[in-house]
Amino acid sequence: MGYFLTSMHLGFRCWSDSDLPLAMELWGDPKVGVLIGGPFNSQMVRSRLTSEIAHFQDYGLQYWPLFLLENDTHVGCAGLRLYKAEQRIYEFGVHLRPAFWKRGFAKEAAKVIIEYGFEVLGAETLFAGHHPANNASRRLLLSLGFVHSHKELYRPTGLMHPSYMLRKPHMDEVRPPPVPPVGFTENPDQIASGGSRGDSSQSFA
């Protein structure tokens, strides 16, 4: 499938226009949608997919679709978006299909994306937020070292979502970074001038 990132069980690639069925089974699922401002109809899911593709074309970032390495089953998505580009703060998030909740895949995916953010992108801080009722995401973020920093209005739900920050660690040794996705060459000027977090994005489901 041409994965550009892998972990023990998961592979990551980029979204394409042909992935609408995968997007529908993820963001179109009411159990997922309710946590990120849904439920979403087919037109809204298509818009979300288009937004992810456009964000990658502009900035080399998206919530990348992830799959089981053993059989290429679609698990969900995980990745990064611009949050405060001038401060090199990126929004981090994971959305999983309900069939894969409580199986350790969210944490496995999160570790890969966190490493990518700090080692490949040179992020100084990662931001994440979640629906107030999503206790599983709260526990996950705290287990990953995120620290609660504030509450932030998330317009699609109309709620103040708990928000967290994870600052770049001081590492005694530097591991070889993962290879960036094929087809994207980072433009530092574009990254530096990018916008802040959009209403269509939310970190955890």
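Quick note, this note's numbering runs 1 ahead of the 1-based positions in the sequence shown. Note that CB positions come from ideal geometry on N, CA and C, so glycine has one too.
A direct Cα-Cα distance of roughly 24 Å separates Tyr-117 from Asp-18.
Around the beta-carbon of His-162, 16 or more other beta-carbon atoms lie within 10 Å, marking it buried. Taking C-beta atoms as the reference points, Phe-128 and Ile-90 count as a pair closer than 8 Å. Rounded to the nearest whole angstrom, the CA to CA distance from Ala-137 to Gly-34 is 16 Å. Take Ile-54, set aside five residues on each side of it, and the residues of its chain with a beta-carbon closer than 6 Å to its own are Trp-16, in chain order. Residue pairing by DSSP places Arg-82 opposite Glu-92 in a beta bridge. Less than 8 Å divides the Cβ of Leu-62 from the Cβ of Gly-80. In this structure, DSSP gives Met-2 a state outside helix and strand, which the three-state scheme calls coil. For Ser-52, the enclosing alpha helix (DSSP H) has its first and last residue at 43 to 60.
Approximately 6 Å separates the beta-carbon atoms of Ala-111 and Leu-145; this is inside 8 Å, confirming the contact. Non-local C-beta neighbours of Arg-98 in its own chain, meaning closer than 8 Å and more than five positions away in sequence, comprise Glu-26, Leu-27, Asp-30, Val-33, His-75, Val-76, Gly-77, ordered along the chain. Val-95 is not a Cβ neighbour of Ser-8, given a cutoff of 8 Å. Excluding sequence positions up to five before and after Arg-139, its CB lies within less than 7 Å of the CB of His-131, Pro-163, all in the same chain and listed in chain order.
Per the C-alpha coordinates, the member of Met-166, Leu-21, Thr-126, Phe-93 positioned closest to His-151 is Met-166.
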